[in-house]
Structure formats: C-alpha cells, structure tokens
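Residue numbers (full-length UniProt numbering): 1 to 419.
Take a look at the structure below.
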Amino acid sequence: MPILVMKFGGTSVADLDRIRNAAEKVRAEVERGYDVIVIVSAMSGKTNELVGWVNETSPMFDAREYDAVVSSGENITAGLMSLTLQEMDVPARSWQGWQVPLLTTSAHSAARIESIPRHNIDQKFGEGMKVAVVAGFQGLSPEGRITTLGRGGSDTTAVAFAAAFDAERCDIYTDVNGVYTTDPRITSKARKLDRIAFEEMLELASLGAKVLQTRSVELAMRYKVRLRVLSSFEESTPNSGTLVCDEEEIMESKVVSGVAYSREEAKITLVSVEDRPGIAAAIFGPLADAGVNVDMIVQNISEKDYDDHPEAVTDMTFSCPNDQVARAEKAILDAKAADQIGFSELVVDTDVCKISVVGIGMRSHAGVAARMFAALKAENINIKVISTSEIKISVLIDRKYMELAVQALHDAFELETNS
C-alpha cells in the first residue's frame, strides 16, 4: 500500500472532539487506500503546562528528566487518537519514540534525528495495522534515554518519517488553511498560495512565518518530501491547502511570492571600531559563544577623528532578536574589557522590525530591490539596514511602520493576484 504521513498540531488535537475530527480525516485516507503514519503533538497548552511544572519543581533541572516529563503530552494524544480510530473500526496502534525506534543524538531538549529503522512499523502494517499513530517531538538517545527535538519538533518528526518510509506526501494539519502571501491579519488582500518552492518556504519560515518549523522545511528540501499545509477545521480535497514542493513542480513563479516580517528585532552598532584584519572575528566570535543569533550585518567606514582615532575606524552594525540583546551586550563588553576589541560607543535600538520579500523569481528578474525601496519611500519609511540573498531582500525599519510596510510591499508586488 502507498504510505501517507499526516501530522496534527496541538490546536488540531486540543480536546476529544478535535481528536475525533482529526481521526475522521485519517479514516478517509485509509478508505482511499493508504497505510497512514499519523504524527501527533501534545494537546494545545499541555507542553507549556508540563514545562511550567518542571521549572517549578527544579529551576536547575536535569535535561534528561525534563525530556521525560515534557514528552509525555504527545504520548497521551497518540493513545487517545489510536483509541478513537479503533472505535471507528480502523486498525490503529500508538507508538512512542522509543518503540519505533526514532534514534537521535544525546542533545536533550534539542536532539537531532539520526535514523528511523522501518522494520517494526512495516511488520505491523504487514499484519493488518492500517494506522501507526506516532508521538511526535521525541526519540531515543544512544544511551537509551527519551530525548526531545525542541519546540515545534513534531513537524520535523513528520517529515523524517515521510523520508524514511518513502511516503507519497506529508500532510501538515494546522489551524490555517495554507501558506499565505503574507499575514492575513495585517492585510485582507493576503492570498493563499497553491504551491510554494522549498527554498521560498524555508526563507519565510526563518523570517518569522509560523506555519512550518524551519528544521522540517530543511529536511523536506534535502529529501524531496512533498509537504501539504492545510486546515484541520475545513473539508479536505485533493487541492486543499498549499503544496510545498520542488521548484521544478511550479510552472511559473511570480517574482515575489510573499512578504514576511519579524516584529521583535534589535539593531546593535559598535561605533569607531579599529579597522583591521580579524576585527569581525573578534566581534562575532564572542557573540557566537554567547549563543546570540546574529542576522543582518553591515560594516561601513566611519569618519576619521584624527585627534581620538588617527587610525582607520569602522562602524559595525548587526541585528539580533530582542530577547538576546542583554546577552549580546555582555559578550561585547566582556570582549572589550579583555582588550579583544575597542570601540567608542555601543548603540542599541530595540524598536525596529525586519521586513522581507521572498521569491525564487528574483533570480531571473532585475529591479526587485528598486521596486521595494520605492514602495517604502512612497510611504516615507526610512530603511536602517539592508540585507540580500539570491531569493530574499530584507530591511530593518522602525517598528511603528511594520504593518504599513507589509501592506505597501504586498500592493507593490501585486501579490493579491495569481498572475
């Protein structure tokens, strides 16, 4: 039988009624002739509750016990989904990560998948099981301990199973009915995409789109796993949702496919840094060691002050998430105290946001940046930092203009239309 992987997020299995609704969708696929592997998340809110209990019990917790506790939410959902399917006369069995087994590294709470042996589940399919309901987010370390894959890890679990079992497709059921050109809450003109390339989806996910976890898209792109994002709360048809697929499956792409934003960004500038070989490494090495996720980087030559700085100096600007600013400041000041770097001033702006346009069509079309900048100029929005890649242009702007910028760019690139 062909295999289909179906993943249901927390909102899709938030209570027994929603689990029954999800089970109906699984039964429909079984009736279409599939053997189905279902990946389930914990019921909505349960993982946060479990994390809270761990922190309250042991603020300096043992990561191995943390994983043992927080992985239990998925186990409950898997059992309830299997029982629901059995009540519908669908042969189903629940599987915890260690029973598959889904083998991972030993990095508790942030484990990476090493392999998924097929034998146990294939054997049960051969014996008449039609649905394997697998607890997402969890696996088994080389030491035989339960591990977890990090928040959002059930998406990664689903894609990994689809790759391991050569699934025809991996359907990700969530509370939205697909991937949109931008956030529909910001502009009513946002349009659901029928198809989007892996690279575009990866950029959108990394830039703040919450539909899919970044790691899951990376894995899907590597193994050419066709993903479909669709709603748990709507009737499914073969054309429902958004298909995330290889670029070759998309006949003709618009120059820009979507506008993404990240609200909680900060801009940090080191003023009058000595301009010498190795200065970038001296700045960004300590930031990396401190776990700061640096994104956009701009270096420009400062005006020489021959009294205070007779040597060549430069300003170094970078962006990072707002919640990492304190860590970044400490790493930079510690490096200065250790005489690794010198600068005259550290300027932090925590009132910025990042706006990005993404599209594989940029590779073959000129003028995208000019069009983007003209649209922002027309709204009198000043650009603080610019960063580009082959299929993306990102800018930092004042946060108060975020929604206006998204709307202006969505209109400028005519994303409300298919053609």
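Beta carbons are placed, not taken as given, at the ideal position from N, Cα and C, and that holds for glycine.
Annotation for Q96: no beta strand (DSSP E) segment contains it, and DSSP assigns it neither H nor E.
Non-local C-beta neighbours of A68 in its own chain, meaning closer than 6 angstroms and more than five positions away in sequence, comprise I146, ordered along the chain.
Of all alpha-carbon atoms in V298, E274 and F318, the one lying nearest the alpha-carbon of V292 is that of F318. Below 8 angstroms, too few C-beta pairs join the segment 23-38 and the segment 55-68 to call them touching: fewer than three. Judged by their CB atoms, T157 and G128 are not nearer to each other than the 8 angstroms cut-off. The C-beta separation of S154 from S41 comes to about 4 angstroms, placing the pair in contact by the 8 angstroms criterion. The Cβ atoms of K392 and E274 do not sit closer than 8 angstroms to each other. The DSSP-derived three-state label of M251 is coil. S188 and V406 have their C-alpha atoms roughly 12 angstroms apart. Under DSSP, D194 takes part in no beta bridge, so it has no partner.
Assigned with DSSP and collapsed to three states, Y261 falls in strand. One thing to note: V133 has its Cβ no nearer than 8 angstroms to the Cβ of V100. With a cutoff of 8 angstroms on beta-carbon distance, F165 and I3 are scored as near each other. Here the segment 341-354 makes contact with the segment 264-274; the two share three or more CB pairs at distances below 8 angstroms. Residue pairing for R228: DSSP places it in a beta bridge opposite D171 and L243. In the three-state scheme derived from DSSP, where H, G and I count as helix and E and B as strand, P321 is classed as strand. Non-local C-beta neighbours of G342 in its own chain, meaning closer than 8 angstroms and more than five positions away in sequence, comprise V273, E274 and K336, ordered along the chain.
DSSP places G126 in the helix class (H, G or I) of the three-state scheme.
For M81, the enclosing alpha helix (DSSP H) has its first and last residue at S72 to E87. In this structure, the straight-line span from the alpha carbon of R93 to that of S82 is close to 6 angstroms. Of the residues D339, A14, D334 and D295, the one whose Cα lies closest to the Cα of E74 is A14.
In its chain, beyond the 5 residues on either side, V395 have a beta carbon closer than 7 angstroms to the beta carbon of I386. Taken atom to atom, the span from the alpha-carbon of N300 to that of I397 is near 18 angstroms. Residue state for V211 is assigned as coil, using DSSP reduced to three classes.
L404 and T417 have their C-alpha atoms some 19 angstroms from each other.
The C-beta separation of G97 from Q138 comes to about 4 angstroms, placing the pair in contact by the 8 angstroms criterion.
Only exposed fits S364, as fewer than 16 other CB atoms lie within 10 angstroms of its CB.
Annotation note: the segment 10-56 contains the following uninterrupted beta strand (DSSP E) runs of length 3 or greater, listed N- to C-terminal: 35-40. T237 counts as exposed, since fewer than 16 other beta carbons sit within 10 angstroms of its beta carbon. Look at D411 here: in three-state DSSP terms it is helix. By the criterion of a C-beta distance shorter than 6 angstroms, K192 is surrounded in its chain by G178 and Y180, once the five residues flanking it on both sides are discounted. Within the same chain, R327 and A331 come within 6 angstroms of A290 by CB-CB distance, once the 5 residues on both sides are set aside. Within the same chain, Cβ atoms closer than 7 angstroms to the Cβ of S109 are found at A63, Y66, D67, T148 and G150, the five residues on either side in sequence being excluded.
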